[in-house]
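Asks: According to our numbering, the stretch in the sequence shown is residues 2 to 320, in order. Glycine is no exception: its CB is placed at the ideal position from the N, C-alpha and C atoms. Since the structure is predicted, the reported quantities are computational estimates derived from the model, not experimental observations.
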Amino acid sequence: MNSTDLSVLKAAVRWLKEGHHVAIATVVQTWGSAPRPVGSWLAVRQDGQVAGSVSGGCVEDDLIRRVQTEILTRNTPELVVYGVSQQEAARFGLPCGGTLRLLVEPKPELAILEKLLELISAHLITLRSVDLSSGKSTLTAGTRHDEFTCTEQEMRTSYGPRWRMVIIGAGQLSLYTADFALASDFEVIVIDPREEYAEGIDRSDITFFTGMPDDVLLEIGVDAHTAVVALTHDPKLDDMALMEALKSPAFYVGALGSRNNTQKRKERLLEFDLSQDQINRLHGPVGIYIGALTPPEIAVSILAEVIALKYDVSIPKKQ
């Protein structure tokens, strides 16, 4: 669940506890150039107060009116479609003839939403299943590979940190990178066995391991939703992590260092049980070239490259 939709969940829980009537709208399908992705949330209160967005502002006014005058009086979810025709898409300002299909729940269950918030806060991936005939929902344990689905009978949505960044090293650059990764809705894990760095990473929003990087990577399990970024600038630590990360399904593996150091690192890695194809997966120097000089600027370049790989966007060649 991204930070925007998490704020919607928190607002819905707060409003329901205060005694307000609340409806929750979820984007369940899009066609064309829809502004908000599938799974996006909007909470609407009976007085017209809203949290979140399902279209970036295109259909919200009409949806609020429909919730207030029609949907809140019902007991079961309702499917609402905007932009079926080119004329309607133009009326609601949907770009490129885009179309939105929304599921609006007029009676979300406070106990379920409170439990969902608790599980997300504990960094647990959770599936919420909504029975469209009754409006009742259930929560079950999810995985990083769960996909959003919505049929005529049920909507299933995955919440929690599906994407994860593992940072090797707890220095200044690592902390800036962690902050930008958290803001980009990654779960962040930092690994650094050096005692002198342990106190500086005492934070509740980051999971910190003091073991050796290769051992910790094997312990936590690296999957296709994981990025591994080696930032210690110490070959003894970075190379140990890379030896495991490059053999894993991680969608991104990068390491700090100049072009010369990166070439030397690749030559060292060839001496271990890594193939040339595995070594070629290494992104180094880490990050997209933007002329970055300071730690926060370098962190921005790293997140830019990781996010591009996350969405399978081609990356400009490093200079």
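Mind checking Val314: buried by the 16 CB within 10 Å criterion, or exposed?
Replies: Stepping through the sequence shown from its first residue, residue 314 is reached at position 313. The residue is exposed, with fewer than 16 neighbouring Cβ atoms inside 10 Å.
Asks: Can you name, in chain order, every residue of its own chain whose Cβ lies under 6 Å from the Cβ of Val301, other than the five neighbours on each side?
Replies: As a first step, residue 301 is located in the sequence shown; it is residue number 300 there, counting from the start. There are no such residues.
Asks: Here's a check: name, in chain order, each residue in its chain whose Cβ is nearer than 7 Å to the Cβ of Ala24, leaving out the five neighbours to either side.
Replies: Translated into positions along the sequence shown, residue 24 becomes position 23. Here the set comprises Val45, Val68, Ile72, Leu73, Val105, Glu106, Pro107.
Asks: Please state the DSSP three-state secondary structure of Arg75.
Replies: In the sequence shown, the residue the question calls residue 75 occupies position 74. Correct three-state label for Arg75: coil.
Asks: Could you have a look at Asp132 and say whether DSSP puts it in helix, strand or coil?
Replies: For the purposes of this step, residue 132 is taken as the residue at position 131 of the sequence shown. DSSP places Asp132 in strand when its eight states are reduced to three.
Asks: Just to confirm before moving on: does the CB-CB distance between Glu188 and Arg165 stay below 8 Å?
Replies: The residue labelled residue 188 in the question sits at position 187 within the sequence shown. The residue labelled residue 165 in the question sits at position 164 within the sequence shown. Yes, the pair counts as a contact, with Cβ atoms nearer than the cut-off.
Asks: Just mark Val82 as buried or exposed, buried being the case when its beta carbon has 16 or more other beta carbons within 10 Å.
Replies: For the purposes of this step, residue 82 is identified with residue 81 of the sequence shown, where counting begins at 1. The residue in question, Val82, is exposed, as its Cβ has fewer than 16 Cβ neighbours within 10 Å.
Asks: Does the Cβ-Cβ distance between Arg129 and Thr152 come in under 8 Å?
Replies: As a position in the sequence shown, residue 129 is number 128, starting the count at 1. As a position in the sequence shown, residue 152 is number 151, starting the count at 1. Not a contact, by the Cβ cut-off of 8 Å.
Asks: How is the alpha helix (DSSP H) around Ala52 delimited, first residue to last?
Replies: Counted from its first residue, the sequence shown places residue 52 at position 51. Unbroken run through Ala52 is the beta strand (DSSP E), 51 to 53; no alpha helix (DSSP H).
Asks: Exposed or buried, which one is Cys97 when buried takes at least 16 other CB atoms within 10 Å?
Replies: Here the question's residue 97 lines up with position 96 in the sequence shown. For Cys97, the predicted structure reports a pLDDT of 49, less than 50, and the residue's modelled location is therefore unreliable. A value from the coordinates is still provided. Looking at its Cβ environment, which holds fewer than 16 other Cβ atoms inside 10 Å, Cys97 is exposed.
Asks: Are Ile126 and Thr144 close, meaning C-beta to C-beta below 8 Å?
Replies: On the sequence shown, position 125 is the one that residue 126 refers to. On the sequence shown, position 143 is the one that residue 144 refers to. Cβ atoms of Ile126 and Thr144: closer than 8 Å.
Asks: Quick check on Leu43: does DSSP put it in helix, strand or coil?
Replies: Within the sequence shown, numbered from 1, the residue matching residue 43 stands at position 42. Strand, per DSSP.
Asks: Taking its Cβ as the centre, do 16 or more other Cβ atoms sit within 10 Å of Gly212, making it buried, or is it exposed?
Replies: To locate residue 212, count along the sequence shown from 1; it is residue 211. Answer is exposed; the Cβ neighbour count stays below 16.
Asks: Any idea what DSSP makes of Cys97, helix, strand or coil?
Replies: Locating residue 97 in the sequence shown gives position 96, counting from the first residue. Residue placement at Cys97 is flagged as unreliable, the pLDDT there being 49, under the threshold of 50; a coordinate-derived value is accordingly withheld.
Asks: Taking the straight line between their C-alpha atoms, what separation do you get for Ser134 and Leu114?
Replies: Sequence index remark: in the sequence shown, residue 134 carries index 133 (1-based). Sequence index remark: in the sequence shown, residue 114 carries index 113 (1-based). Cα to Cα, Ser134 sits roughly 19 Å from Leu114.
Asks: Start and end of the alpha helix (DSSP H) containing Gln30?
Replies: The residue you call residue 30 lines up with position 29 of the sequence shown. Not the alpha helix (DSSP H): Gln30 falls in the beta strand (DSSP E), residues 23 to 32.
Asks: Closer than 8 Å, CB to CB, is Ile192 near chain B or not?
Replies: Considering every chain present, this structure includes no chain B. It has just one protein chain.
Asks: If we ignore side chains and look at the alpha-carbon of each, how far apart do Ala246 and Lys11 end up?
Replies: Against the sequence shown, residue 246 aligns to sequence position 245. Against the sequence shown, residue 11 aligns to sequence position 10. Between the alpha carbons of Ala246 and Lys11 lies a distance of about 36 Å.
Asks: For Ile190 versus Val167, is the C-beta distance shorter than 8 Å?
Replies: Counting from one through the sequence shown, the residue named residue 190 turns up at place 189. Counting from one through the sequence shown, the residue named residue 167 turns up at place 166. Taking 8 Å as the Cβ cut-off, Ile190 and Val167 qualify as a contacting pair.
Asks: On the three-state DSSP scale, how would you describe Leu103?
Replies: In the sequence shown, counting from the first residue as 1, residue 103 sits at position 102. Strand, per DSSP.
Asks: In chain order, what residues of the same chain have a beta carbon less than 8 Å from the beta carbon of Pro296, not counting five sequence neighbours either side?
Replies: For this step, residue 296 is matched to residue 295 along the sequence shown. Same-chain partners within the cutoff: Gln173, Leu174, Tyr177.
Asks: If I measure Cβ to Cβ from Glu110 and keep anything under 8 Å in the same chain, skipping five residues before and after, which residues do I get?
Replies: Position 109 of the sequence shown holds residue 110. Only Lys137, Ser138 meet the Cβ criterion.
Asks: Given a threshold of 16 other Cβ atoms within 10 Å of its Cβ, counted over all protein chains shown, does Leu64 qualify as buried or as exposed?
Replies: Residue 64 sits at position 63 when you count from the first residue of the sequence shown. Looking at its Cβ environment, which holds 16 or more other Cβ atoms inside 10 Å, Leu64 is buried.
Asks: Is the beta carbon of Ile303 sitting closer than 8 Å to the one on Gly255?
Replies: As a first step, residue 303 must be located in the sequence shown, where it is residue number 302. As a first step, residue 255 must be located in the sequence shown, where it is residue number 254. Yes, the pair counts as a contact, with Cβ atoms nearer than the cut-off.
Asks: Mapping DSSP to helix, strand and coil, what is Ile65?
Replies: Locating residue 65 in the sequence shown gives position 64, counting from the first residue. Residue state, collapsed to three classes: helix.
Asks: When we look at the beta-carbon of Ala13 and count the other beta-carbons within 10 Å, is it buried (16 or more) or exposed?
Replies: Mapped onto the sequence shown, residue 13 falls at position 12. Buried.
Asks: Go ahead and label Asp193 buried or exposed: buried means 16 or more other beta carbons lie within 10 angstroms of its beta carbon, across all protein chains shown.
Replies: Residue mapping note: residue 193 aligns to position 192 of the sequence shown, counting from 1. Buried, because 16 or more other Cβ atoms sit within 10 Å of the Cβ of Asp193.
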